[in-house]
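K.L.:
Okay, handing you the structure first.
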Amino acid sequence: MRNLGIEFISVFGLPPVEFVHLAADLGCRHISTALISVRLESLGYPSFSLRDDAGLRAELRAALDDRGITISLAEGMVILPNADVSDLAADLDIVAELGAAQINTLSFDKDRARTFDQLATLTQLAAERGMGTTVEMSPRMTFGDPATVAAAIEHVGGSGLRLTVDTMHWVRSGYGPKELREFGPEKIGYVQLSDTTLRPRLASYLEEAMYERLAPGDGELPLAELLDVVPADVVVGLEVPMRTLAESGVGPMERLRPCVDAARELLTR
Numbered sequence: 093m094r095n096l097g098i099e100f101i102s103v104f105g106l107p108p109v110e111f112v113h114l115a116a117d118l119g120c121r122h123i124s125t126a127l128i129s130v131r132l133e134s135l136g137y138p139s140f141s142l143r144d145d146a147g148l149r150a151e152l153r154a155a156l157d158d159r160g161i162t163i164s165l166a167e168g169m170v171i172l173p174n175a176d177v178s179d180l181a182a183d184l185d186i187v188a189e190l191g192a193a194q195i196n197t198l199s200f201d202k203d204r205a206r207t208f209d210q211l212a213t214l215t216q217l218a219a220e221r222g223m224g225t226t227v228e229m230s231p232r233m234t235f236g237d238p239a240t241v242a243a244a245i246e247h248v249g250g251s252g253l254r255l256t257v258d259t260m261h262w263v264r265s266g267y268g269p270k271e272l273r274e275f276g277p278e279k280i281g282y283v284q285l286s287d288t289t290l291r292p293r294l295a296s297y298l299e300e301a302m303y304e305r306l307a308p309g310d311g312e313l314p315l316a317e318l319l320d321v322v323p324a325d326v327v328v329g330l331e332v333p334m335r336t337l338a339e340s341g342v343g344p345m346e347r348l349r350p351c352v353d354a355a356r357e358l359l360t361r
């Protein structure tokens with residue numbers, strides 16, 4: 093069985109300790125996290141900051157250890173046009189303290205050369221703290237196609253940087269299993285698994301990606317074929333935010349249990 097996790101946007105700001113228990117109760121081994129809450133305010137969860145609250149960090153670490161859960165991916169380490177990634181050193185210290193295996197990044201800086209240099213610095217900073225780095229490809233972003241990601245990996249060099257395959261982003265960008273195999277399985281470091289339709293379901297791509305994805309098998313993506321390309325030791329995180337269900341009163345366990353069951357069935361084919 094592959095390593096299965098739950099991505100933080102699937103739970104809409106559920107407090108971190110509760111998130112750990114949810115993942116464990118679902119039989120998953122991993123979660124992703126960000127240092128500040130990314131809430132759906134209509135659900136009423138309290139805001140939190142792992143950056144500012146040392147007590148919460150201690151509670152989270154204790155829960156992770158108690159339930160046998162690891163942070164497979166730390167999010168929020170983004171490349172910005174008017175900022176230097178060296179300023180993220182303190183945040184990297186925190187996620188390393190929490191035991192994160194990898195950090196994930198994307199770039200909002202359209203300057204490709206600067207982005208690549210910043211990525212190299214970020215990868216080095218993470219490596220110094222015992223963490224790998226993944227870069228997420230997404231439509232209309234600086235890392236918007238496999239060729240750019242491959243060039244970035246070559247620019248950085250070494251084995252510290254790999255690709256996060258978000259199945260929605262990958263297929264909606266026009267790529268499939270063939271292109272993923274050509275990209276190279278050895279360059280894949282993480283998978284964010286969700287399903288969706290081939291054509292947009294909402295007018296805003298960002299809104300759809302952040303709030304309305306489908307459980308594996310409920311859409312039209314070639315998930316089994318994509319996963320066939322992915323090395324068996326790569327963590328697969330379920331990234332299935334379902335705002336409509338959440339706002340109708342369906343809780344996180346009830347929303348995510350069918351997703352976990354569908355993912356397990358998919359991963360054991």
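For the sequence shown, the numbering used here assigns the number 93 to the initial residue and increments by one for each residue that follows.
Yeah, the Cβ is synthetic: ideal placement off N, Cα and C, and Gly gets one too.
Only a predicted model underlies this, so the values are computations on that prediction, with no experimental measurement involved.
Is it the case that the stretch 183-197 contacts the stretch 226-234, given that we only count it when at least three CB pairs across the two stretches are under 8 Å?
P.N.:
yes
K.L.:
Identify whether Ser134 lies in helix, strand or coil by the three-state DSSP scheme.
P.N.:
For the purposes of this step, residue 134 is identified with residue 42 of the sequence shown, where counting begins at 1. Helix at Ser134.
K.L.:
For the beta strand (DSSP E) that Tyr282 lies in, which residues bound it at each end?
P.N.:
Along the sequence shown, one-based indexing puts residue 282 at 190. Start and end: Ile280 to Leu285.
K.L.:
So Leu165 is in the beta strand (DSSP E); what residue range does that whole segment cover?
P.N.:
Counting from one through the sequence shown, the residue named residue 165 turns up at place 73. First-last of the beta strand (DSSP E) with Leu165: Thr162 to Ala166.
K.L.:
So, with DSSP's three-state summary, where would you put Arg291?
P.N.:
Numbered from 1 along the sequence shown, position 199 holds the residue referred to as residue 291. The three-state reading of DSSP puts Arg291 in coil, since its state is none of H, G, I, E or B.
K.L.:
For the alpha helix (DSSP H) containing Ile186, list its first residue and its last residue.
P.N.:
Residue mapping note: residue 186 aligns to position 94 of the sequence shown, counting from 1. For Ile186, the enclosing alpha helix (DSSP H) covers residues Ala181 to Glu189.
K.L.:
So, do the stretch 133-143 and the stretch 167-178 have three or more beta carbon pairs nearer to each other than 8 Å?
P.N.:
no
K.L.:
For Asn95 and Ala243, I'd like the C-alpha separation in whole angstroms.
P.N.:
One-based indexing of the sequence shown puts residue 95 at position 3. One-based indexing of the sequence shown puts residue 243 at position 151. Taking the straight line joining both Cα atoms gives about 28 Å.
K.L.:
Which residues in the same chain have their Cβ closer than 7 Å to the Cβ of Glu151, if we skip the five residues on either side of it in sequence?
P.N.:
Against the sequence shown, residue 151 aligns to sequence position 59. Counting only Cβ-Cβ distances below 7 Å, and skipping sequence neighbours, we find Val109.
K.L.:
At what residues does the beta strand (DSSP E) containing Glu228 begin and finish?
P.N.:
Taking the sequence shown and counting its residues from 1, one reaches residue 228 at position 136. Note, Glu228: beta strand (DSSP E), Gly224 to Glu228.
K.L.:
Quick one: what's Ser139 bridged to in DSSP?
P.N.:
Within the sequence shown, the letter at position 47 stands for residue 139. Paired residue(s): none; Ser139 is not in a bridge.
K.L.:
What residue from Ala154, Ile245, Leu127 and Glu299 has the CA that sits closest to Leu211's CA?
P.N.:
Against the sequence shown, residue 211 aligns to sequence position 119. For Leu211, the nearest C-alpha among the options comes from Ile245.
K.L.:
Within 10 angstroms of its Cβ, does Asp258 collect 16 or more other Cβ (buried), or is it exposed?
P.N.:
Residue mapping note: residue 258 aligns to position 166 of the sequence shown, counting from 1. Buried, by the Cβ-count rule.
K.L.:
Assuming Ser265 contacts Pro231 under a Cβ cut-off of 8 Å, what Cβ separation, rounded to an integer in Å, is found between them?
P.N.:
Indexing the sequence shown from 1 puts residue 265 at position 173. Indexing the sequence shown from 1 puts residue 231 at position 139. Right, the Cβ-Cβ distance comes to about 5 Å (below 8 Å), so this counts as a contact.
K.L.:
Am I right that Leu253 and Thr289 are in contact with their C-beta atoms under 8 Å? What's the rounded C-beta distance?
P.N.:
Position 161 of the sequence shown, counted from the start, is the residue given in the question as residue 253. Position 197 of the sequence shown, counted from the start, is the residue given in the question as residue 289. Not confirmed; about 31 Å, so no contact.
K.L.:
Does the distance from the CB of Gly119 to the CB of Val352 come in under 8 Å?
P.N.:
Along the sequence shown, one-based indexing puts residue 119 at 27. Along the sequence shown, one-based indexing puts residue 352 at 260. Yes; because the gap between Cβ atoms is below 8 Å, this pair is in contact.
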